[in-house]
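Chains as they are written, first to last, in this note's numbering: chain A, -12 to 327; chain B, -12 to 327; chain C, -8 to 323; chain D, -8 to 323.
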Amino acid sequence: MSAAKNRHNTEDYLQMYRQMVRIRAFEDSANQLYLSARMPGLTHMYSGQEAVAVGICEALTDEDRITSTHRGHGHCVAKGADFKAMFCELLGKAEGYCRGKGGSMHIADQSHGNLGANAIVGGSMGIATGAALSAKRLGREFVTVCFFGDGATAQGLWYEVMNMAALWQLPVIYACENNGYSEYTRTEEIAAGSLIARAQAFGIEAFQVDGQDVLAVNELTQQLVGRCRTGEGPFFIELDTYRYHGHHVGDINRDYYRSRDEEAEWKKVRDPITNFGKWLIDQKIMSADELVAIDEEITSDAQAAVQYALDAPYPDGNEVDMHVFSGVDHALEYPGGAHR
Amino acid sequence: MSAAKNRHNTEDYLQMYRQMVRIRAFEDSANQLYLSARMPGLTHMYSGQEAVAVGICEALTDEDRITSTHRGHGHCVAKGADFKAMFCELLGKAEGYCRGKGGSMHIADQSHGNLGANAIVGGSMGIATGAALSAKRLGREFVTVCFFGDGATAQGLWYEVMNMAALWQLPVIYACENNGYSEYTRTEEIAAGSLIARAQAFGIEAFQVDGQDVLAVNELTQQLVGRCRTGEGPFFIELDTYRYHGHHVGDINRDYYRSRDEEAEWKKVRDPITNFGKWLIDQKIMSADELVAIDEEITSDAQAAVQYALDAPYPDGNEVDMHVFSGVDHALEYPGGAHR
Amino acid sequence: MTREITLSKAVNEAIAEEMRRDASVILLGEDVAEAGTPFKVLSGLVEEFGTDRIIDTPISEPGFMGIAVGAAMTGLRPVVDLMFGDFLYLVMDQLCNQAAKTHYMSGGKLTAPLVLRTNMGATRRSAAQHSQSLQALVAHIPGLKVAMPSSAYEAKGLLKTAIRDDNPVVIFEDKLMYQDKAPVPEEEYLIPFGKAHIKREGRDVTLVATSSMVQVAEEAAEALAGDGISAEVIDPRTIVPLDEQTILNSVRKTSRAIVIDEGHQSYGVTAEIAARIGEKAFYHLDAPVIRMGAMDVPVPFSPALEDLTVPNAAGVAENARRICRGELIHAA
Amino acid sequence: MTREITLSKAVNEAIAEEMRRDASVILLGEDVAEAGTPFKVLSGLVEEFGTDRIIDTPISEPGFMGIAVGAAMTGLRPVVDLMFGDFLYLVMDQLCNQAAKTHYMSGGKLTAPLVLRTNMGATRRSAAQHSQSLQALVAHIPGLKVAMPSSAYEAKGLLKTAIRDDNPVVIFEDKLMYQDKAPVPEEEYLIPFGKAHIKREGRDVTLVATSSMVQVAEEAAEALAGDGISAEVIDPRTIVPLDEQTILNSVRKTSRAIVIDEGHQSYGVTAEIAARIGEKAFYHLDAPVIRMGAMDVPVPFSPALEDLTVPNAAGVAENARRICRGELIHAA
Ligand SMILES: Cc1ncc(C[n+]2csc(CCOP(=O)(O)OP(=O)(O)O)c2C)c(N)n1
Ligand SMILES: Cc1ncc(C[n+]2csc(CCOP(=O)(O)OP(=O)(O)O)c2C)c(N)n1
Ligand SMILES: [Mg+2]
Ligand SMILES: [Mg+2]
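Dropping the structure here:
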């Protein structure tokens, strides 16, 4: 990492550190909830990829939009979401961001510009591009970042929307988090040629960056966001990163597709939080003790939020047919009636 | 065009000339049928693009497969189809290649390896790639050529199947007939970046060739087909060409999207048949009279086939529910019964 | 003041009026601008609203459908022009997994106010991939509203309502009716969703018909009148929401019903309407509810075959006569 | 010899047996090889058949579906593994515009013998995009056969039949039943398409149920037996072709019917079956045909809501009691 720019960035650095730690703490708690059988369904951990979400989202305002993925908790936290409403959502509680209707794979936080996680791989590429079209047509300055994984580059939708984004010069940044795997398959086995070249073929300026280096990610994103605001765009970024857990929380025995050594190596050498922490200390921005204090505070925040969510009520049964249509209180005549 | 290779290619040259003239004659007749209101529906003329279909198909055997498009008569003729069965199909007659069930946009000729025209733009890209998978898995040597237009490059499906074809090294050639327009829109307005680069980004060897030069097209295709047979592939070819008629036979007033001058210029300077005819004469392979004789013979063949098709019977009404399922004679209990 | 205009013109007016009223309305699709679509339905709009609002897209149906969803979620009200209803298959993911579920999955926080305009209808000699009537597919998906205008009047009024609706709406125009004229008021009007229209009152048999089939039903009713059979013709106008009440009231009066729709019969629109009548007007029915959908075959190109596949007035009238005579059509 | 095996194992055996029998059978999909799918249904197959026949694809559903169509047209018999039924929307064009119509459009010259294996079923806490039961969509499209196994026995026998069928077949496995065991013969067997199975004989009411809902119907029948109501449970096994005759015979005997399916109710499978009963057994019915599909809402994540959306045994039994008592459920 490069040297600290100047002291007045301290707040920004700290914010990035805090946000990365918050994501890690959120995921550790979510994983515990799963392991202790208190969370319904499965979920996909973002741990290891924190510098991507944070480096990017710290270059954005609340007005700026993101679209997220099945591995979306990191994006959600980074874009400003609150722990309590997130855990409530993961547990299907009424106070969740989506009143429990979305769950982990559909968590959205409209107030901070998160248009939602998406359980269809690549499913949000059109949505992000459409948001950028809104910005342009409505003469608003917001920029949209479309997060997706390396596996999602196999969806034809991406090429369709890149083409239109390029033709129409839309303020959208396609951010591909290349964590080396899609589910249980190595990226090399499912992606021919070069990802960067695929974007470039549409005349899109493309970049590759170390996704474990929050400052590098943030700096590049700031530049590109700035250029988007002045009418340039779209852009493509490939971010090299790594997920620490299995594909989802239930993917425990994974030796058949990747080695424990590989995992250990990334954690040891390229952990985005550890490395950034060290850098903050090296640069004398923070002391080791101060960082530990931050970590502990966030951990206890997460624990409190988990407890809050565990105690929170489920939505009432009569919500089941609410929100099917905007403007219609209840979509069904007899939701709990003769038909069940 | 380059000089004739040697005299024993005469047969090949003649065959190419004849096939191009046959396509032109077929289309002229089809257009007449439309203009005289004797053809049901609309159809898309291939005139102007003959060197593409012929240059490519003359490098193929009957075992090799092609997939075709809404503008498919040229591919069908070039791959060996018979005029009578084709006109019968266009008129919805029982002796048509598809017993009148397919019509112009679905004409298929299984016996010569034409897997069919397709009315979904880009819709046959998967089919062609799948045929190549068959060749590879079944250890057969056939090569598949996937014809499509410049407009079809906007379909995401192409990128999906290119990726798999590249990963699995399939013997398929993607042949993009860039005639400068998709319907009423110029290619520049709907295609960002470079088509060649899009294929290359998947690690696919890509070529650009003058689609009005039948020899150039044929030579390149022969090379690539040969390489496919020895286990190489996929390949991509962009062929620059031009359609003489409107998008379909009904697209008469088209000044708003392209000028008569542009059309006249292509016809005058770059007509594939005229130019190849001149070359045959220059190279002393054929005399002008001989060529005229060929033209006339083919024209009268076409006329005879049209008359045959006009006189041919429609399929019997009870065929309506045949061929819904293979192995089921009639799919419906009461096709003409109580329900109509 | 009412004049006669074509369905094509009615659609054009609806879009123009809504675009004038609301700057957030945009339209996108293939060849919609200068070309005004292959059916020329949108001619003149780009001249008034410019290419910023009438947007030509590449041939990327999934892509521009997805873009419309995102645009709808962030302040625009996109009208998507899908050139043929048969291309619905290509946009199903963005329409059904994304647009339809956004409001629900977000617990009511996000909306996707967009309109997907497309068409339906066979007998145009366009063969199996350009002739389908796929309304049943989208009607099955919660979160989508589905309108099926039966004339220029409905085409205009329903489309304007659709554009103002905060939900994704799919509207099917019959491509064979674009040149058909009907009386349409000069003054602005909207047609509410979920209110069926009783096209013709009758006592003996109810004909529930959608889109193109409304004409067929009216023709049949006319023929039946000559035989002394009084048929009531009901046009649901929207199949989601479906105005069950008007249909049931009619059947309770007539005791007999035929349901007619141009989609394939099996697992299609006629099944839903017939099943609801069978369930909720059971004790009023004097005869089985007859369904007349398109044949369960891909649409054949040959005119000799294609015309057999869709319901026609003679067939409707014949079925009506049989049930009115008390013939046990399926008693075997 | 019959042993008890899981539905997952039954599917695995069906594929292995057919691949041994016929070298042209291949299987393709995401994470099907070493991973054996996320549900581990295909574990072990790649070890026996190699990566040439058990083919891992990129996450390109439209792409590999299209490849399967082309492969099927040229000599292979592909089995496509679509990880979740919800991804059907992505493959609709290749499935419905291409595979389903190829044989017809070519006048019988081309065939597309392929199987699309996918799943259905809610209450797995997988939310709106991983819980849908979309059988109605494909059942509506002529040219596709649609199978819905209700146990390991059916899963094996129907899949083997599907692989040997010369037409495109879509087969929906209930993802919640993969670990459920049932008796399955050691010996080879096939289950013919279009033949319903009478799971349980009864006199008073017919319960027509598909896939997961067969268990629900059986449970309800068991409860009803305690009340002195004798319910007949019919599993159509394939909804295209549909064995109308067995269903009608049963209803003619019992005079009452309830149709249960886990797809959304409106414009869904229950509509078709109810409409056919209503039409063709009209004069035998003593009560309206009751339909029980999943609620017309996107599937909610919260367990507190999700469980409300699908039919259950108590609800089926209650509805059965009501119609047997002659209550006019919808007389209002
Ligand atoms: C359209 C679609 N296909 C398949 C899946 C199943 N699936 C969920 S995540 C995933 C892998 C995605 O890989 P990548 O895009 O690299 O994201 P990562 O999981 O690595 O973050 C797959 C195949 C899905 N959810 N949607
Ligand atoms: C999926 C799909 N979208 C739109 C259309 C309507 N359409 C038919 S041909 C065509 C233009 C195709 O352009 P191109 O691929 O360049 O082929 P060309 O007509 O120039 O030969 C369009 C938009 C279609 N048939 N299928
Ligand atoms: Mg990945
Ligand atoms: Mg073109």
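From the three backbone atoms N, C-alpha and C, an ideal C-beta is built for every residue, glycine too.
In angstroms, rounded to a whole number, what distance separates the CA positions of I6/C and R282/C?
Numbered from its first residue, the third sequence carries residue 6/C at position 15. Numbered from its first residue, the third sequence carries residue 282/C at position 291. The alpha-carbon separation between I6/C and R282/C amounts to approximately 34 Å.
Does any C-beta atom of chain A lie closer than 8 Å to the C-beta of P279/D?
As a first step, residue 279/D must be located in the fourth sequence, where it is residue number 288. No - not a single Cβ of chain A is within 8 Å of the one on P279/D.
Any residues whose CB sits closer than 7 Å to a heavy atom of ligand 4? List them in chain order?
Listed by chain position, these are G136/B, D137/B, G138/B, E164/B, N165/B, N166/B, G167/B, Y168/B, S169/B and T174/B.
Minimum Cβ-Cβ distance from A322/C to chain B less than 8 Å
For this step, residue 322/C is matched to residue 331 along the third sequence. Residue confidence is low: A322/C scores 43 on pLDDT, short of 50, so the model does not pin down where it sits. Its coordinate-derived value is still stated next. Not one chain B Cβ lies under 8 Å of A322/C.
By how many angstroms is the C-alpha of I17/C removed from the C-alpha of L135/C?
In the third sequence, the residue the question calls residue 135/C occupies position 144. In the third sequence, the residue the question calls residue 17/C occupies position 26. One C-alpha to the other measures close to 20 Å.
Could you give the C-beta distance for Q126/C and V260/C, rounded to a whole number, given that I count them as a contact under 8 Å?
One-based indexing of the third sequence puts residue 126/C at position 135. One-based indexing of the third sequence puts residue 260/C at position 269. Contact between Q126/C and V260/C is confirmed by a C-beta separation of about 6 Å, below the 8 Å threshold.
When you compare only the Cα positions, how much space is there between T331/D and L181/D?
Given a span of -8 to 323 for chain D in the structure shown, any question on residue 331/D remains unanswerable.
Residues in its own chain within less than 7 Å of P300/A by CB, not counting five upstream and five downstream?
Here residue 300/A is taken as the residue at index 313 of the first sequence, counted from 1. Result list for P300/A: K80 and A81, in chain order.
Short-range partners of chain D found in the region 81 to 92 of chain A, where Cβ spacing is below 7 Å:
Look at the region 81 to 92 of chain A: the residues with a C-beta under 7 Å from a C-beta of chain D are G87, K88, G89, G90 and M92.
Taking buried to mean at least 16 other C-beta atoms within 10 Å of its own C-beta, is P221/B buried or exposed?
Working through the second sequence from its first residue, we reach residue 221/B at position 234. Around the Cβ of P221/B, a 10 Å sphere holds 16 or more other Cβ atoms; the residue is buried.
What three-state label does DSSP hand V301/D in the structure shown?
By one-based count along the fourth sequence, residue 301/D stands at place 310. The DSSP-derived three-state label of V301/D is coil.
Chain D contacts made by the region 308 to 323 of chain B, where a contact means CB separation under 8 Å
From the region 308 to 323 of chain B, only M309, H310, V311, F312, S313, G314 and A318 have a Cβ closer than 8 Å to chain D.
Mind reading off the beta-carbon distance from T245/D to G193/D? Whole number of angstroms is fine, and I expect it under 8 Å.
Start at 1 with the first residue of the fourth sequence, and residue 245/D comes out as number 254. Start at 1 with the first residue of the fourth sequence, and residue 193/D comes out as number 202. Indeed they touch by this definition, with Cβ atoms about 7 Å apart.
Chain D residues whose Cβ lies nearer than 8 Å to that of N150/B:
In the second sequence, the residue the question calls residue 150/B occupies position 163. Simply P49, S51 and G54.
In chain order, which beta strand (DSSP E) runs of at least 3 residues are fully inside the region 173 to 211 of chain D?
You should have 188 to 191 and 196 to 200.
Ligand 2 heavy atom lying under 7 Å from the CB of I107/B
By 1-based counting over the second sequence, the position of residue 107/B is 120. For I107/B, the CB falls within less than 7 Å of some heavy atom of ligand 2.
Taking 8 Å as the CB-CB limit, is Q97/A close to chain C?
Translated into positions along the first sequence, residue 97/A becomes position 110. Yes, Q97/A counts as interfacial toward chain C.
Using CA coordinates, which residue listed in T174/A, P27/A, K66/A and S111/A is at the minimum distance from C338/A?
Nothing about residue 338/A can be read from this structure; chain A reaches only from -12 to 327.
Of the residues E225/A, A275/A, L22/A and K88/A, the one placed nearest D238/A, counting alpha carbons only
Locating residue 238/A in the first sequence gives position 251, where the first residue counts as 1. Of the candidates E225/A, A275/A, L22/A and K88/A, the one whose C-alpha sits nearest the C-alpha of D238/A is L22/A.
G284/D by DSSP, collapsed to three states: which one?
For the purposes of this step, residue 284/D is taken as the residue at position 293 of the fourth sequence. Collapsing the DSSP output to three states places G284/D in a strand.
I'd like to know if L(-2)/D contacts chain C, where contact means its C-beta is closer than 8 Å to some C-beta of that chain.
Within the fourth sequence, the letter at position 7 stands for residue -2/D. At a cut-off of 8 Å between beta carbons, L(-2)/D makes no contact with chain C.
I'd like to know whether the C-beta atoms of F40/C and S(-1)/C end up nearer to each other than 8 Å.
As a first step, residue 40/C must be located in the third sequence, where it is residue number 49. As a first step, residue -1/C must be located in the third sequence, where it is residue number 8. Against a cut-off of 8 Å, the Cβ pair of S(-1)/C and F40/C comes out as no contact.
Check whether the Cβ atoms of V148/B and C215/B lie closer than 8 Å to each other.
One-based indexing of the second sequence puts residue 148/B at position 161. One-based indexing of the second sequence puts residue 215/B at position 228. For the 8 Å CB-CB criterion, V148/B and C215/B do not form a contact.
Given a threshold of 16 other Cβ atoms within 10 Å of its Cβ, counted over all protein chains shown, does T102/D qualify as buried or as exposed?
Along the fourth sequence, one-based indexing puts residue 102/D at 111. Classification for T102/D: buried.
Here's a check: name, in chain order, each residue in its chain whose Cβ is nearer than 6 Å to the Cβ of A304/C, leaving out the five neighbours to either side.
Start at 1 with the first residue of the third sequence, and residue 304/C comes out as number 313. Around A304/C: V207, E210 and A211.
Is Q123/C close to chain B? Criterion is C-beta to C-beta, closer than 8 Å.
For the purposes of this step, residue 123/C is identified with residue 132 of the third sequence, where counting begins at 1. False, the Cβ-Cβ gap to chain B never drops below 8 Å.
Report the rounded CA-to-CA distance for M73/A versus R173/B, giving the unit in angstroms.
The sequence position of residue 73/A within the first sequence is 86, counting from 1. The sequence position of residue 173/B within the second sequence is 186, counting from 1. Those two C-alpha atoms are separated by around 48 Å.
Evaluate D243/A with the Cβ neighbour count: other Cβ atoms within 10 Å of its Cβ, from every protein chain shown; 16 or more gives buried, anything less gives exposed.
The residue you call residue 243/A lines up with position 256 of the first sequence. The residue you asked about is not Asp; residue 243/A is Tyr in the sequence shown. Taking every protein chain shown into account, the CB of Y243/A has fewer than 16 other CB atoms within 10 angstroms, so this residue is exposed.
Using only alpha-carbon positions, find the residue among T56/B, V315/B and C133/B that is nearest to V108/B.
The residue given as residue 108/B occupies position 121 in the second sequence. For the residues T56/B, V315/B and C133/B, the minimum Cα distance to V108/B belongs to T56/B.
I want to check one thing, is the minimum distance from the CB of T56/A to the heavy atoms of ligand 1 below 7 Å?
For the purposes of this step, residue 56/A is identified with residue 69 of the first sequence, where counting begins at 1. The answer is yes for T56/A.
Taking 7 Å as the cut-off, is the C-beta of R230/A nearer than that to any heavy atom in ligand 5?
Ligand 5 is absent from the structure shown, which contains only ligand 1, ligand 2, ligand 3 and ligand 4.
Please report the straight-line C-alpha distance between V311/B and N110/D, rounded to a whole angstrom.
As a first step, residue 311/B must be located in the second sequence, where it is residue number 324. As a first step, residue 110/D must be located in the fourth sequence, where it is residue number 119. A direct Cα-to-Cα measurement between V311/B and N110/D gives close to 25 Å.
Opposing strand residues paired with R173/B [DSSP bridges]
Taking the first residue of the second sequence as 1, we reach residue 173/B at position 186. Paired residues: Y168/B.
I'd like the span of the alpha helix (DSSP H) that includes Q187/A, first residue to last.
As a working mapping, residue 187/A is identified with position 200 in the first sequence. Counted as a single uninterrupted DSSP element, the alpha helix (DSSP H) harbouring Q187/A occupies residues L182 to Q187.
Where M64/D and S(-11)/A are concerned, what is the direct C-alpha to C-alpha distance, given to the nearest angstrom?
The residue you call residue 64/D lines up with position 73 of the fourth sequence. The residue you call residue -11/A lines up with position 2 of the first sequence. Spanning the two alpha carbons is a distance of roughly 58 Å.
Look at the alpha carbon of G198/B and the alpha carbon of A46/B, and state the distance between them as a whole number of angstroms.
As a working mapping, residue 198/B is identified with position 211 in the second sequence. As a working mapping, residue 46/B is identified with position 59 in the second sequence. The alpha-carbon separation between G198/B and A46/B amounts to approximately 15 Å.
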